[in-house]
Each structure stands twice: as C-alpha cells, then as structure tokens.
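Everything below concerns the one structure shown next.
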Amino acid sequence: MKNHFIIGDVHGCFHTLKNLLEHWKANEHQLIFVGDLIDHGNNSPQTVALIQDIQKKHSDTIILRGNHEQQFQQHCLNEFNEDWYEKSGERTFSQYLIHNRLVDKDAEWFSDFPLYYETPNLLISHAGVCDTDDPFNAESLDGVVWHRNKIKRLDQLQVYGHTPQDEAIFDAEVNAINIDTGAYKANKLTALLVKNDGSILEMIDESTHEEDIPKEKEEEII
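Structure below.
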C-alpha cells in the first residue's frame with residue numbers, strides 16, 4: 007500500500023510545484039492536494055493543467071476542494087461573486103485568457119472535488135475539522151472548506167491548509183498539522199509524506215520560485 011504525499015495550498019505557483027514534485031515517487035506515493043490550486047500566484051492555468059495531467063496518468067491522485075475552487079466554480083456556474091472576483095478572480099481570469107484556457111471547463115472539474123479524504127488513521131481536508139455539527143457542508147463557514155477556528159482533536163491525524171503560516175509544525179494537542187506555508191507569499195510550498203498508520207515520515211519544503219511570486223502588494227490580492 008502506498009504512503010501519502012500531501013501537498014499544501016499551491017495558489018498558482020506552478021514552477022514551485024514542479025520542483026516539489028521531483029520528490030514524489032508515483033509508484034510509492036499517493037498524491038493528494040489539500041485544495042486552493044488557484045489564485046494569487048502568477049500561474050493558475052498552468053498549475054491546473056499540470057495537475058489534471060497528473061490525475062489522468064495516476065488515477066489514485068486526490069484533489070480536495072479549497073475555498074478558492076469553491077468560489078471559482080460558483081462564480082462560473084452559478085452567479086457572479088463580486089468579492090472573490092475583485093480580490094482574486096479577475097487576475098486569475100486574465101491568466102486564463104492569456105493561455106487560452108476555458109474557465110467553465112475547469113469550473114466543472116473543480117465542482118467534482120471531494121471535501122475530504124479519510125482513512126482509519128488519517129483525515130485530510132482544506133481547512134481541517136473544527137468543533138461543529140456539520141463539518142462537511144461546503145457552504146458552512148464552520149466547515150472544512152472555510153473555517154479558521156481551532157482544530158478539533160480526532161483519533162486520526164489531521165492534515166490541512168487554508169491558513170498560511172511560516173512553518174508547518176505538528177500540533178500534538180490536536181493531533182494535526184497545517185501545511186499551508188504561504189507559497190504565493192514568497193515563502194515556500196510544503197509536502198508531507200505520511201504512512202498508512204498516520205505517522206509522519208518526512209516534510210519537504212520547496213522555496214517559492216521567483217516566477218510564481220505576484221508583483222502586486224500583498225493587501226491587493228488577499
């Protein structure tokens with residue numbers, strides 16, 4: 007049985023992701039993304055194309071839904087989301103236009119992303135499970151797509167992202183680890199290699215490639 011190679015929030019950092027994937031061994035590791043493939047970084051369409059290609063070649067690849075995929079697909083398939091469009095979407099759409107890539111087609115793909123991945127010893131989601139009655143409701147602000155509350159301790163190891171931090175540090179109190187290390191903020195992209203028994207084998211950090219870093223001030227692209 008394969009170990010799990012779990013990657014944090016990519017946010018359009020295509021070149022950084024390619025470098026990080028050099029550590030992934032497809033015959034030994036199941037590849038899992040915690041969501042937020044897009045927005046903020048300079049290369050969202052290229053990032054999506056790369057991950058789609060990987061999933062076609064390696065059908066056990068899991069891509070979980072982040073809040074940015076949620077907003078992207080809702081904007082494209084349901085109704086205009088002014089807040090997301092002004093903060094992230096307009097910039098991402100301009101990248102899609104430059105690369106002649108169809109947003110609606112990717113929105114449909116995003117809508118199929120599961121909210122979590124679970125084994126007896128491991129639970130992976132975008133934002134983690136907090137103490138709420140309905141953690142797997144995609145629309146709930148307390149659910150695994152959106153919340154920034156204290157993580158609930160589970161028997162399983164929790165791996166999640168969503169809230170960027172400088173370092174990915176295991177929190178023994180809640181048996182969980184946040185692997186969003188702010189790739190688009192010119193920090194790094196983190197992967198976690200986890201055994202099937204829930205034990206952490208290795209943490210791999212890849213410094214953000216300069217071609218992925220947005221030139222705008224941070225407050226303009228939050």
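Counting in our numbering, the final residue of the sequence shown is number 228, and the numbers go up one at a time with none missing. No residue lacks a Cβ here, since even glycine has one placed at the ideal position from N, Cα and C. Remember, it's a predicted structure, so these values are computed and weren't measured experimentally.
(message) Let me make sure I understand the geometry here. Which of D186, K31, Q77 has the alpha-carbon closest to that of T67?
(response) That would be K31, whose Cα lies nearest to the Cα of T67.
(message) Quick check on the DSSP output: what are the complete alpha helix (DSSP H) runs of length 4 or more inside the stretch 35–123, in order along the chain?
(response) Annotation: the stretch 35–123 contains the following complete segments of the alpha helix (DSSP H) (minimum length 4 residues), in chain order: 50–63, 73–83, 96–104, 109–117.
(message) Tell me the residue span of the alpha helix (DSSP H) that contains K24.
(response) Counting along the chain, the unbroken alpha helix (DSSP H) around K24 starts and ends at 20–26.
(request) Have a look at E145 and R71 and give me their C-alpha separation to the nearest angstrom. (result) The alpha-carbon atoms of E145 and R71 are separated by roughly 12 Å.
(request) Would you give the residue range spanned by the beta strand (DSSP E) that N9 belongs to? (result) Segment 9–13, the beta strand (DSSP E) holding N9.
(message) Determine whether the beta carbon atoms of H10 and V150 lie at a separation below 8 Å.
(response) Their beta carbons are not under 8 Å apart, which means H10 does not touch V150 by this criterion.
(message) Going by beta-carbon coordinates alone, are V135 and K158 separated by less than 8 Å?
(response) Cβ distance < 8 Å, so V135 and K158 count as in contact.
(request) Indicate the three-state DSSP secondary structure (helix, strand or coil) for A178 in the structure shown. (result) Here A178 carries a coil assignment [DSSP, helix/strand/coil].
(request) Evaluate contact between the stretch 14–26 and the stretch 42–50, counting only Cβ atoms and requiring at least three cross-stretch pairs below 8 Å. (result) Yes: the two stretches touch, three or more of their Cβ pairs being nearer than 8 Å.
(message) Pop quiz: I12 and V40 are said to be a contact at Cβ under 8 Å. What is the actual Cβ separation, rounded to whole angstroms?
(response) That belief holds up - the Cβ atoms of I12 and V40 are roughly 7 Å apart, short of 8 Å.
(request) Measure the alpha-carbon distance for E85 versus Q79 and round it to whole angstroms. (result) Linking E85 to Q79 through their CA atoms gives a straight-line distance of about 9 Å.
(message) Going by DSSP in three states, D218 sits in which element: helix, strand or coil?
(response) Note: D218 maps to helix in three-state DSSP.
(request) Starting from E208, follow the beta strand (DSSP E) in both directions and report where the run begins and ends. (result) For E208, the uninterrupted beta strand (DSSP E) run begins and ends at 206–213, by DSSP.
(message) For G167 and D177, what's the separation of their Cα atoms in angstroms?
(response) Near 13 Å, if we compare the C-alpha coordinates of D177 and G167.
(request) Assuming N73 and E212 form a contact by the criterion Cβ under 8 Å, report the distance between their Cβ atoms to the nearest whole angstrom. (result) 23 Å between Cβ atoms; not a contact.
(message) Between which residues of its own chain and P141 is the CB-CB distance below 6 Å, once the five residues before and five after are set aside?
(response) For P141, where only same-chain residues beyond five positions count, the Cβ hits under 6 Å are V135, G149, V150.
(message) With H, G and I counted as helix, E and B as strand and the rest as coil, what does DSSP make of A232?
(response) In the structure as shown, the chain starts at 7 and stops at 228, and residue 232 therefore has no counterpart that could be examined.
(request) Using beta-carbon positions only, say whether Q101 and N87 come within less than 8 Å of one another. (result) No; because the gap between Cβ atoms is not below 8 Å, this pair is not in contact.
(request) Closer than 7 Å by C-beta to V54: which residues in its own chain qualify, once you throw out the five before and the five after it? Chain order, please. (result) The residues are L43, I44, D112.
(message) Closest to A189 by C-alpha separation, out of D118, T214, H153, would be which residue?
(response) Selected option, being the one with the closest Cα: T214.
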